[in-house]
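My numbering applies: residue 226 is where the sequence shown begins, and numbers increase by one.
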Amino acid sequence: MFRQSFSSYANNITTAFGFALLLVFVFPFFWLSNMIVSSGTILLDYGFLKQHPVVSLLLLALVLVFLFFYALLVSLMVFSVRNDLSHVKMHLYLREKIDKFAVKYFVFLAAFTVITAVIASLLVGFGVPVVFVNLVLLLASASFLFLPQAIVVDEEGVGSSVLSSWDFIVKHPAHFLMVIVFGCISMLVLQAIEFGVDYFLSGGSILSLLLSLVLLIPFIEALKTYIYMNRFGILQSYDKVM
């Protein structure tokens, strides 16, 4: 499974490297006091609502622009892997479908991010332990793990895709846990790399984010797509060819 996923990642290395374009947003995020770039991730501080309303809105606007391009790249990566496995006519879908996939995923990401950011900020402001808030956000995010695959592979609306992704998780808990564990271990490795670089030099957070964008995220999307499409029996014939 990992071998086939890595093969799909390698076949779409150009798309994977396209995620590096998201580094353009890192510099504005560094300048904003309520954004944290660390361990291969970009985090929004829970106290952002305490800032001036204009600053908070500007911060959310920048995050939404980032999410739009992120959704576009994720959709493109998932579709590229889908194309490898099912041999869909790429030029047709790139022209007529990929933008629709990206918009659907972006709509979800935008709504989810804004709602959870506001709720989390309010909860922390009312004294709810940060650890509890983080745990709830982690579980909520994990429940949508296969949403990009449902949107691109099943070609459904956002609501139907959410239900399809939940249905897949319920029916394939082992695969769900495998991806979660792999992601957690990978994040620990990125943290170790960041710490090592910062100990001797500097810029560890930038390096860990770059590795996350061009290696971890696209590979995990390739892995999830391979797992998700396996329910159709498409991959049996693909593996025989490989």
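Heads up, the beta-carbon is just placed ideally off N, CA and C, and yes, glycines get one too.
Starting from the C-beta of residue i, find all residues in its chain whose C-beta is less than 7 Å away, skip the five residues before and the five after it, and write them out in chain order.
i      : result
Phe242 : Val439
Tyr453 : Phe371, Gln374, Val378, Phe393
Val299 : Tyr330, Pro373, Glu446
Leu348 : Val358
Ser281 : Phe273, Leu274
Phe244 : Leu298, Leu438, Val439, Ile442, Pro443
Gly428 : Val422
Phe401 : Leu370, Ile394
Please name the residue, chosen from the options, that lies closest to residue i on a Cα-to-Cα basis.
i      : options                        : result
Tyr295 : Asn259, Ser263, Leu257, Thr338 : Thr338
Phe469 : Val353, Tyr234, Met226         : No answer is possible for residue 469: it lies beyond the span of the chain, which begins at 226 and ends at 467.
Thr266 : Tyr453, Arg456, Ile431         : Ile431
Val249 : Gly408, Arg456, Glu380, Phe291 : Phe291
Gly167 : Leu287, Ala286, Val356, Tyr271 : This structure cannot speak to residue 167, because the chain is shown only from 226 to 467.
Leu289 : Ser411, Gln276, Leu269, Pro278 : Leu269
In this structure, how does DSSP classify residue i when only helix, strand and coil are distinguished?
i      : result
Val353 : coil
Met226 : coil
Leu268 : strand
Ser263 : strand
Gln276 : coil
Lys396 : helix
Lys449 : helix
Asn237 : coil
Gly243 : helix
Gly428 : coil
Ser258 : coil
Using 7 Å as the cut-off, classify the Cβ of residue i as near or not near the heavy atoms of the ligand GDP, replying yes or no.
i      : result
Val395 : For the structure depicted, the ligand GDP is absent and the ligand set is empty, with no information on it obtainable.
Please list, in chain order, all residues of the same chain as residue i whose beta carbon is under 8 Å from its beta carbon, the five residues on each side excluded.
i      : result
Phe237 : According to the sequence displayed, residue 237 carries Asn and not Phe. Here the set comprises Met302, Ser305, Val306, Asp309, Pro443, Ala447.
Leu334 : Leu292, Tyr295, Ala296
Ile418 : Gly429, Leu432, Ser433, Leu436
Looking only at its chain, what residues have a beta carbon closer than 6 Å to the beta carbon of residue i, apart from the 5 residues adjacent to it on each side?
i      : result
Met260 : Phe254
Next on the checklist: Whether or not the segment 376-383 and the segment 324-333 are in contact is what I'm after, with contact meaning three or more pairs of Cβ atoms, one per stretch, closer than 8 Å; do they touch?
Outcome noted: yes
Item to check | Complete beta strand (DSSP E) runs within the segment 325-382 (minimum length 3 residues, chain order) | outcome: none
Item to check | Segment contact flag, the segment 384-399 with the segment 357-371, C-beta cutoff 8 Å, min 3 pairs | outcome: yes
Checklist entry - Should the segment 414-429 be regarded as contacting the segment 345-364, the criterion being three or more beta carbon pairs within less than 8 Å? => result no
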